[in-house]
Amino acid sequence: MNKDSFIIDSMVWSFSRLSSYHQCPYGWRLKYVDCVEGDENFFAQYGSLMHEILEKYEKEELSIFEISQYYENRFNDVVTCDAPPNPYIDIKQSYYDKGLDYLDNIDLDLENYEVLGVEKEVTFKIFDYEMVGYIDLLLKDKIKGDIIVLDHKSGSVNFKKNGEISSSEKEHILGFKRQLYLYSIGVIEEYGVKPKYLKWNLFKDRNWLTFEFKDEEFKEAKKWAEDTIKSIEQETSWFPNPQKYFCNNLCDMRNCACEYKP
């Protein structure tokens, strides 16, 4: 057995490991097979800080009166990477302001729910493949008993003027759904019921997305995961997928190992 096969065969899979392969097979190989240590980026650091604060708030380690000050105190220590240049706006300042505005006016309702887990680890199998995931917030409606899988997202979703999701966001939203559908496998195994809703807290834009759990979409997510793992197992070429913005600002390998950055 060669090195590639040994590493891949012994791997515990996650949604991020699957989705990053579709982003760039070459970058995937550098990170997970060659174990090249990559670089952080501004957006990941910002998201990590906000997730840290929301986790502490949900666990009652920070009160509603402390979260904004905690954010202000921690921002420069955690968010050390520069934001990508933009001729029209200071992205770092804009994200800082939006994060502070959200925490000053936080709308995360927990009173009507039983908190089943915060950053809850779920382990499960996709056929014979071991997988792991971390649910930002798992809730149970105190009255209806419905289980809700909730994810905090720093990214934006484009909405039409009538409030509907833009058609250009189809693939973006599909990725959101697949992640939480896969996590739902662990929820079903532990609680014996399917989640009622998949929900996203788009905190930077102070918006919410909610979708009802659908069996067909659940099956599609599992099939996508299985097909992706099989593609990785059979991969031999590891072709790069150069995309200028991603390669220069988001990719872990942008400064240290990639030979194909535009």
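Residue numbering for the sequence shown follows our numbering, beginning at 2 and increasing consecutively.
Heads up, the beta-carbon is just placed ideally off N, CA and C, and yes, glycines get one too.
One thing to note: Val-123 has its Cβ no nearer than 9 Å to the Cβ of Cys-257. Looking at the DSSP output, Met-132 shares a beta bridge with Trp-14, Phe-125.
Remark: C-beta atoms of Tyr-198 and Val-150 approach each other more closely than 9 Å.
Leu-104: member of the alpha helix (DSSP H) spanning 92-105, first to last residue. With a threshold of 16 other beta carbon atoms within 10 Å, Tyr-96 meets it and is buried.
About 6 Å separates the beta carbons of Leu-55 and His-153, which is inside the 8 Å limit, making them a contact pair. Inside the stretch 157-193, DSSP marks whole alpha helix (DSSP H) runs of 4 or more residues at positions 171-192, from first to last along the chain. For Tyr-33, the secondary structure class from DSSP, reduced to helix, strand or coil, is helix. Closest in C-alpha terms to Ile-127, from the list Lys-220, Leu-210, Cys-252, Asp-147, comes Lys-220.
For Pro-86 and Tyr-261, the gap between their C-alpha atoms comes out near 21 Å.
Between the C-alpha atoms of Tyr-89 and Tyr-71 there is a straight-line separation of about 29 Å. The residue among Tyr-103, Gln-180, Glu-61 with its C-alpha nearest the C-alpha of Leu-111 is Glu-61. Taking C-beta separations shorter than 8 Å and ignoring five residues to either side along the sequence, the partners of Ile-174 in its chain run Val-158, Ile-166, Leu-210, following chain order.
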